[in-house]
Amino acid sequence: MLEEIVAGGASALGISLPQGAPALYRRYYERLTEANRRFNLTAIEGEDEAARLHFLDSAAALKFAGLAGKSVIDVGTGGGLPGLAMKIAEPAMELTLLDATEKKVAFLASLTEELGIPCRCVAGRAEELSRQPEHRERYDAAVARAVAELRVLSELCLPFVRVGGKFLALKAAASDGEIDAARSAIAALGGNISGIYEYTIPGAGILRRVVVVEKTAPTPEKYPRRWSAMVKRGA
Ligand code: SAH
25 MLEEIVAGGA SALGISLPQG APALYRRYYE RLTEANRRFN LTAIEGEDEA ARLHFLDSAA
85 ALKFAGLAGK SVIDVGTGGG LPGLAMKIAE PAMELTLLDA TEKKVAFLAS LTEELGIPCR
145 CVAGRAEELS RQPEHRERYD AAVARAVAEL RVLSELCLPF VRVGGKFLAL KAAASDGEID
205 AARSAIAALG GNISGIYEYT IPGAGILRRV VVVEKTAPTP EKYPRRWSAM VKRGA
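Residue numbers (our numbering): 25 to 259.
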């Protein structure tokens, strides 16, 4: 049952969940499943899979960065992952959920209100929003999962992060190639990979990675570029 899987899995990961978190994950799962019938939010079906591959996978990233009291933006959050699942485990995070699809953002706004989780939900493209003074270099951390390869993802995420902050990319274990391909782009954006951490999702036996990028210098004005320029290979 979902509540037991998240509670047991979190303790296996060394994360202590606040009281009430398992019940919030249950309600989150139910609203996600219901919304999934109306529009596609996630390919994962069933509560065991959602508990492990969504909620525990997201919460695990907290082990590699202290985010309590920090402002965090989840870029390309879709159904709220990893950001909302992280905030349920660490409520002291000040969270912004960003997605390009308006109906997903409308779902997240109603979901977080219903769950009583304070959170800002923003619709728009990352490469446009991070040019606005309200968002540029305004966050202590950016997080992202399953949005783009690391080279492109770094250009979407690092402009949001203040110098001294960090960007966490949740990735598959088999990501050496995309990490190497991203190194020079990350340096040009003012970042530096400070750690690559591996963990196993409890009960699923799946090896995952969190790539931690420190923001060491301001992102030059010319970034982010337009999407078409960003995704061009070798750019
Ligand atoms: N992070 C979620 C969703 C991954 S699907 C998860 O792990 O389950 C990728 C999401 O990124 C989609 O919801 C899509 O709308 C969003 N997205 C893709 N490119 C984007 C961009 N440039 N700016 C903002 N959102 C983007």
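For glycine and all other residues, C-beta sits at the position ideal for the given N, C-alpha and C.
Small disclaimer: the values here were computed from a predicted structure and weren't measured.
Subject >> Integer Cβ distance of I210 from I217, believed to fall under 8 Å >> reply: 6 Å
Original post:
Can you name, in chain order, every residue of its own chain whose Cβ lies under 8 Å from the Cβ of W251, other than the five neighbours on each side?
Top reply: R149 and E151
Original post:
Of all the options S199, A36 and V171, which has the alpha carbon lying nearest to the alpha carbon of G103?
Top reply: V171
Original post:
Could you give the residue range of the beta strand (DSSP E) that holds I29?
Top reply: Taken as a continuous stretch (DSSP letters only), I29 belongs to no beta strand (DSSP E), being part of the alpha helix (DSSP H) at L26 to L37.
Original post:
Roughly how many whole angstroms lie between the Cα atoms of R175 and G70?
Top reply: 32 Å
Original post:
If we count the other Cβ atoms within 10 Å of its Cβ and call it buried at 16 or more, is T243 buried or exposed?
Top reply: buried
**OP:** Spell out a yes or no on whether the region 79 to 97 and the region 57 to 71 are touching, meaning 3 or more CB-CB pairs, one atom from each, closer than 8 Å.
**Re:** no
**OP:** Starting from the C-beta of V30, find all residues in its chain whose C-beta is less than 6 Å away, skip the five residues before and the five after it, and write them out in chain order.
**Re:** P46, Y49, A75 and F79
Subject >> Residues near A259 by beta carbon distance below 7 Å, same chain, minus five either side >> reply: Any reading at A259 must be qualified, since the residue scores a pLDDT of 49, below 50, and its modelled position is unreliable; no value is offered.
Original post:
Considering only residues of the same chain and omitting the five flanking positions on each side of A36, which have a CB-CB separation below 6 Å?
Top reply: P226
Original post:
Relative to the ligand SAH, is the shortest distance from any of its heavy atoms to the C-beta of A59 smaller than 8 Å?
Top reply: no
**OP:** Confirm the yes/no value for this check: CB of G70, any heavy atom of the ligand SAH, distance under 8 Å.
**Re:** no
Original post:
Run through DSSP, which three-state label would A196 get?
Top reply: The answer is strand: DSSP assigns A196 an E or B state.
Original post:
Within this structure, are the beta carbons of L192 and A228 separated by less than 9 Å?
Top reply: No, Cβ-Cβ distance for L192 and A228 is not below 9 Å.
Subject >> Beta-carbon contacts of K246 that lie in its chain and below 7 Å, excluding the five residues immediately before and after >> reply: none
Original post:
So, helix, strand or coil for I168, using DSSP?
Top reply: Sequence inspection shows Ala at residue 168; the Ile mentioned does not correspond to that position. Here A168 sits in strand by DSSP.
**OP:** For the region 36 to 99, list the alpha helix (DSSP H) runs that are entirely contained and at least 4 residues long, ordered along the chain.
**Re:** 45 to 62 and 81 to 84
Original post:
Does the beta-carbon of R233 have 16 or more other beta-carbons within 10 angstroms, so that it is buried, or is it exposed?
Top reply: buried
**OP:** Following the continuous beta strand (DSSP E) through L105, name the residue where it begins and the one where it ends.
**Re:** Counting along the chain, L105 falls outside any beta strand (DSSP E), and DSSP gives it neither H nor E.
**OP:** Note down, in chain order, each residue of its chain lying with its Cβ closer than 8 Å to the Cβ of I39, except the 5 sequence neighbours on either side.
**Re:** Only residues of its own chain outside the window of five on either side were considered, and among them A83, A84, L86, K87 and A113 have a CB closer than 8 Å to the CB of I39, listed in chain order.
Original post:
Along the chain, where does the beta strand (DSSP E) that runs through S218 open and close?
Top reply: G215 to I225
Original post:
In angstroms, rounded to a whole number, what distance separates the CA positions of S208 and A196?
Top reply: 21 Å
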